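S.K.:
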Amino acid sequence: MARVLLAYSSVDGQTLKICQRLQQLFMSLGHKAELFAIGQAAGPNLDAFDRVVIGASIRYGKHRPEVYRFIEAHREALERKPSAFFSVNVVARKPGKNTADTNPYIRTFRRTTSWVPGVIAVFAGKIDYQRYGYFDRLVIRLIMWVTKGPTDPAACVEFTDWQAVERFAQQVGSGAE
Ligand SMILES: Cc1cc2nc3c(=O)[nH]c(=O)nc-3n(C[C@H](O)[C@H](O)[C@H](O)COP(=O)(O)O)c2cc1C
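If you read the sequence shown in my numbering, its first letter stands for residue -15, the second for the next number, and so on.
#1: With distances taken between CB atoms, is the gap from valine -5 to arginine 64 smaller than 9 angstroms?
#2: Which two residues bound the contiguous beta strand (DSSP E) that contains tyrosine -8?
#3: Residues in its own chain within less than 8 angstroms of lysine 78 by CB, not counting five upstream and five downstream?
#4: Consult DSSP for alanine 153 and reduce its assignment to one of helix, strand or coil.
#5: Do phenylalanine 69 and alanine 105 count as a contact pair if the criterion is CB distance below 9 angstroms?
#6: Here's the rule: buried if 16 or more other CB atoms are within 10 angstroms of the residue's CB, otherwise exposed. What is alanine 25?
#7: May I have the straight-line CA-CA distance separating arginine 125 from glutamine 4, to the nearest angstrom?
#8: Under a Cβ-count criterion, where at least 16 other Cβ atoms within 10 Å of its own Cβ denotes burial, should tyrosine -8 be classed as buried or exposed?
#9: Based on DSSP bridge pairs, tell me the residues matched to serine 41.
#10: Under the criterion of a Cβ to heavy atom distance below 8 angstroms, does asparagine 29 qualify as lining ligand 1?
#11: Have a look at arginine 121 and tyrosine 113 and give me their C-alpha separation to the nearest angstrom.
#12: Hey, how far is the Cα of proline 101 from the Cα of cysteine 140?
#13: Closest by CA to proline 66, which one among Asn82, Ser12, Trp99?
Next comes the structure, spelled out in structure tokens:
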């Protein structure tokens, strides 16, 4: 039994939803898994965990700075134990951009931090226009129009490949990292 920390940075809840699914999957593999929202005042003590998974979504081309601050604040502990990172974005809905080696945000992530997680993954997120404010909806619809995604302002589309999430859980949960 391993104690797994699932630290996440999520604005609209899709990264959190993926972490909640991972939590269930780890528990079904016999592990203990705890969620932590990055950015909360009191950070977790990473020594209390055997493995750490960090998940973060993309907005306007970037993972939030708090994700990199969290990594830096816990770098020593992260380097001492098996760890994994995943990014959530809608570019990853495209077949040629849905792996750690082909997704542009993972490339930027690798350039931005020298932390080298044992497993890196990318999952497609969700578009839910009704949740967004006027400006965000306009910009995202424009981007979707250019990239041939959904543009109906009432659209709510979840692109997440839950089987890929399960494969990631198996990989991390079996200690393959
Ligand atoms: C304002 C806004 C900006 C976004 N910018 C990007 C982007 O630059 N690239 C991308 O691939 N996805 C982008 N997305 C899509 C999000 O990554 C996707 O909705 C994801 O599911 C959000 O995860 P979260 O709910 O955990 O925050 C954007 C979404 C919003 C609402």
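By construction, the Cβ of each residue, glycine as well, lies at the ideal position given by its N, Cα and C atoms. These figures come from a predicted structure and were not determined experimentally.
M.R.: Reading off the structure:
#1: Not in contact: valine -5 and arginine 64 (Cβ atoms no closer than 9 angstroms).
#2: Start and end: -13 to -7.
#3: Short of 8 angstroms from the beta carbon of lysine 78, and not among the five residues preceding or following it, lie these beta carbons of its own chain, in chain order: Thr131.
#4: Residue state, collapsed to three classes: helix.
#5: Going by C-beta atoms, alanine 105 is nearer than 9 angstroms to phenylalanine 69.
#6: Per the 10 Å Cβ criterion, exposed.
#7: Looking at the two C-alpha atoms, the distance is approximately 28 angstroms.
#8: So tyrosine -8 counts as buried.
#9: DSSP lists Val72 as partners of serine 41.
#10: For asparagine 29, the shortest C-beta to heavy atom distance toward ligand 1 is 8 angstroms or greater.
#11: Note on geometry: alpha-carbon atoms of arginine 121 and tyrosine 113 lie some 6 angstroms from one another.
#12: In a straight line, the C-alpha of proline 101 is about 32 angstroms away from that of cysteine 140.
#13: The option with the nearest alpha carbon to proline 66 is Trp99.
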